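Engineer:
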Amino acid sequence: MAKSKQSRKGKKAWVKNVDVDDVDQALDAKREREILLGADEDFVIDTQGDSRNKKQKVLRTTEILRNKSKVPALGERIQKKPLLKKRTNELMTLAGRQLSGNKFKATVNREGILRASSEDLWTEDISAEPQVPVVSQSQPSISNTPATRAPKTLLQKPLALTNPTARDLKEFEDGGKSYNPALEDWKSLIEHEFGNESTEELKRQKMEEHKERIRYLIETLEDNEVQDLDESVEDTEPVVENEEDKYRLSINPRTEIKTKTKTQRNKEERHKKRTELQGKIRDLKAKLSEIENLQQIQEEVEQKLNEDKPQRVKTYTRHGKHDVTFAPIEVKLSDELTGNLRSLKPEGNLLYDTMHKLEMGGKVELRVPHIRKKRFRPRIVEKRSYRDL
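Here the sequence shown is numbered in this note's numbering, starting from 662 and rising by one per residue.
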């Protein structure tokens, strides 16, 4: 029997055959609008505003550039107020540079009649003491009065950086150093420089001889010679060994305990008491003699206190680590002397000469070129594994 067909008038048949394209298009359009623009509920227009303002965030750049130092910044430059024309005219009249105004009237208007200076020409000269301000009376350390006496240090000679044994610093150069010197000046200069150089050369030669002698002794006297010398000394001295010393543990001689008798102890005690008593009697006699001569001692003490101690004059002061580097010899030989400025050869350096004078006078600290050295030198160490081989 054949299966019966479903009727076309049912619910499913009706849904299948309905056209829903319009609905789908509307839904798609709504969905696209929500994707692009969003829903109306997502955005709200605030017409009232907040009760308090939000804290504005600081940019990172401004935070870096902000001054966070504990030390306050320097203030702005204080600009002087411009002088008015009336004030400039007053100052000009006070200075006496304005012909129209009167200087005396201007000072009276400013300071008053009481402060104006009034002197009687017919009275005797009375040296009025300088009026000290109120500030200096309360604070005596501040001195506003001009000095009436010169300081003591003004009369003292400056401490020059000159060694008395070496060449002295002269204020003016010697006449023998001229391009056309006098014969006597030239000879005296040569003799003076020869004396200085000869003493220095003798010292240098003595030092060289001493060094050569030490070097010769180091090279000749070797360790083998010292050992041979010790062995020869040992051979000459006969060694006597006892059987007891042969098996002795210590090298040092045997210590023997020496006991004192009662008579020895009593004798030492009596001697000790006697020496103490003699010392006390000696001190007592010395004090008695001082008491007898007390007046004389007081006079001597007063005389010593009243005596002026002679001040030690310093001729050489050292301002640093290094000594003075003396200038080279500036002496010309007879064949180098030229009586003409055209044939004169330029020598020396003005900068070095002035620097040397400043160093010798103690006005500039002495300096020496410093060569930097490595702090740690590489150490060559033999490995432990190679030592046993």
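From the three backbone atoms N, C-alpha and C, an ideal C-beta is built for every residue, glycine too. Computed from a predicted structure; not experimentally measured.
For a test of the three-state rule: what should DSSP assign to I725, helix, strand or coil?
Structural biologist: Translated into the one-based positions of the sequence shown, residue 725 becomes position 64. Here I725 carries a helix assignment [DSSP, helix/strand/coil].
Engineer: Thinking V985 and M1021 are a contact (beta carbons under 8 Å), I'd like their distance in whole angstroms, please.
Structural biologist: As a working note, residue 985 is residue 324 in the sequence shown. As a working note, residue 1021 is residue 360 in the sequence shown. Indeed they touch by this definition, with Cβ atoms about 6 Å apart.
Engineer: How would you label L850, buried or exposed, when you count the other beta carbons within 10 angstroms and need 16 or more for buried?
Structural biologist: Taking the first residue of the sequence shown as position 1, residue 850 is located at position 189. Buried, because 16 or more other Cβ atoms sit within 10 Å of the Cβ of L850.
Engineer: Taking only the alpha-carbon atoms, compute the straight-line gap between L844 and K1006 and give it to the nearest angstrom.
Structural biologist: Translated into positions along the sequence shown, residue 844 becomes position 183. Translated into positions along the sequence shown, residue 1006 becomes position 345. One C-alpha to the other measures close to 20 Å.
Engineer: Check whether the region 867-875 touches the region 996-1006, counting contact only when three or more Cβ pairs, one atom from each stretch, lie closer than 8 Å.
Structural biologist: no
Engineer: Distance, Cα to Cα, N857 vs L998?
Structural biologist: As a first step, residue 857 must be located in the sequence shown, where it is residue number 196. As a first step, residue 998 must be located in the sequence shown, where it is residue number 337. One alpha carbon belongs to N857, the other to L998, and they sit about 22 Å apart.
Engineer: One question on the structure: do E951 and I942 come within less than 9 Å of each other, judged by their Cβ atoms?
Structural biologist: The residue you call residue 951 lines up with position 290 of the sequence shown. The residue you call residue 942 lines up with position 281 of the sequence shown. Result no, Cβ atoms of E951 and I942 do not sit closer than 9 Å.
Engineer: With a cut-off of 8 Å on the beta carbons, I'd call K764 and T754 a contact; round off their distance for me.
Structural biologist: Taking the first residue of the sequence shown as position 1, residue 764 is located at position 103. Taking the first residue of the sequence shown as position 1, residue 754 is located at position 93. Correct: roughly 6 Å between the Cβ atoms.
Engineer: Could you tell me the distance, in whole angstroms, from the CA atom of E968 to the CA atom of V962?
Structural biologist: Reading the sequence shown from its first residue, position 307 is the one you call residue 968. Reading the sequence shown from its first residue, position 301 is the one you call residue 962. Whole-angstrom Cα-Cα distance: 10 Å.
Engineer: Within 10 Å of its beta-carbon, does W847 have 16 or more other beta-carbons around it, so buried, or fewer, so exposed?
Structural biologist: Within the sequence shown, residue 847 is the residue found at index 186, counting from 1. So W847 counts as buried.
Engineer: Tell me whether E737 sits in a helix, a strand or coil according to DSSP, three-state version.
Structural biologist: Against the sequence shown, residue 737 aligns to sequence position 76. Of the three classes helix, strand and coil, the one that applies to E737 here is coil, per DSSP.
Engineer: For a test of the three-state rule: what should DSSP assign to Q956, helix, strand or coil?
Structural biologist: By 1-based counting over the sequence shown, the position of residue 956 is 295. Helix at Q956.
Engineer: Within the same chain, show all residues whose beta-carbon is closer than 7 Å to that of Y840, passing over the 5 residues directly before and after it, in chain order.
Structural biologist: Here residue 840 is taken as the residue at index 179 of the sequence shown, counted from 1. Around Y840, the same chain offers T999, L1002, L1005 as residues with beta carbons nearer than 7 Å, after the five sequence neighbours per side are excluded.
Engineer: What residue range is occupied by the uninterrupted alpha helix (DSSP H) comprising V684?
Structural biologist: Taking the first residue of the sequence shown as position 1, residue 684 is located at position 23. From DSSP, the alpha helix (DSSP H) with V684 extends over 682-697.
Engineer: With C-beta atoms as the reference, is L1011 less than 9 Å away from H983?
Structural biologist: Residue mapping note: residue 1011 aligns to position 350 of the sequence shown, counting from 1. Residue mapping note: residue 983 aligns to position 322 of the sequence shown, counting from 1. Not closer than 9 Å, so no.
Engineer: Is the beta carbon of A734 closer than 9 Å to that of Q751?
Structural biologist: Locating residue 751 in the sequence shown gives position 90, counting from the first residue. Locating residue 734 in the sequence shown gives position 73, counting from the first residue. According to the sequence as given, residue 751 is Glu; it is not Gln. Cβ atoms of E751 and A734: not closer than 9 Å.
Engineer: Quick one: measure Cβ to Cβ for I990 and E854, integer angstroms, because I've assumed they're closer than 8 Å.
Structural biologist: Here the question's residue 990 lines up with position 329 in the sequence shown. Here the question's residue 854 lines up with position 193 in the sequence shown. Contact holds; Cβ gap of about 5 Å.
Engineer: Specify the secondary structure class of I879 as computed by DSSP and reduced to three states.
Structural biologist: The residue given as residue 879 occupies position 218 in the sequence shown. Helix.
Engineer: At what residues does the alpha helix (DSSP H) containing F765 begin and finish?
Structural biologist: In the sequence shown, residue 765 corresponds to position 104, counting from 1. It spans 764-772 - the alpha helix (DSSP H) in which F765 sits, taken as one unbroken run.
Engineer: For G836, count neighbouring Cβ atoms within 10 angstroms of its own Cβ and tell me buried if that reaches 16, exposed if not.
Structural biologist: By one-based count along the sequence shown, residue 836 stands at place 175. Classification of G836: exposed, given that the 10 Å Cβ count is below 16.
Engineer: Answer with buried or exposed for G940, where buried requires no fewer than 16 other C-beta atoms within 10 angstroms of its C-beta.
Structural biologist: Sequence index remark: in the sequence shown, residue 940 carries index 279 (1-based). The residue is exposed, with fewer than 16 neighbouring Cβ atoms inside 10 Å.
Engineer: Which value, in whole angstroms, describes the spacing of the CA atoms of L938 and L966?
Structural biologist: Looking up residue 938 in the sequence shown gives position 277. Looking up residue 966 in the sequence shown gives position 305. Straight-line Cα distance between these residues: approximately 37 Å.
Engineer: Apart from the five residues just before and just after G757, which ones in its own chain have a Cβ nearer than 6 Å to its Cβ?
Structural biologist: Residue 757 sits at position 96 when you count from the first residue of the sequence shown. Taken in chain order, the residues that qualify are K764.
Engineer: Quick one: using the 10 Å Cβ neighbour count with 16 as the cut-off for buried, is S699 buried or exposed?
Structural biologist: Position 38 of the sequence shown holds residue 699. With the sequence shown as reference, residue 699 is identified as Gly, and Ser is not the correct amino acid for it. The residue in question, G699, is exposed, as its Cβ has fewer than 16 Cβ neighbours within 10 Å.
Engineer: Can you list, in chain order, the residues of its chain whose CB lies under 6 Å from that of V1029, leaving out five sequence neighbours each side?
Structural biologist: For this step, residue 1029 is matched to residue 368 along the sequence shown. Same-chain partners within the cutoff: H983.
Engineer: If you count every other CB in all the chains shown that lies within 10 Å of the CB of G1023, and 16 or more means buried, which is it?
Structural biologist: Position 362 of the sequence shown, counted from the start, is the residue given in the question as residue 1023. It counts as buried.
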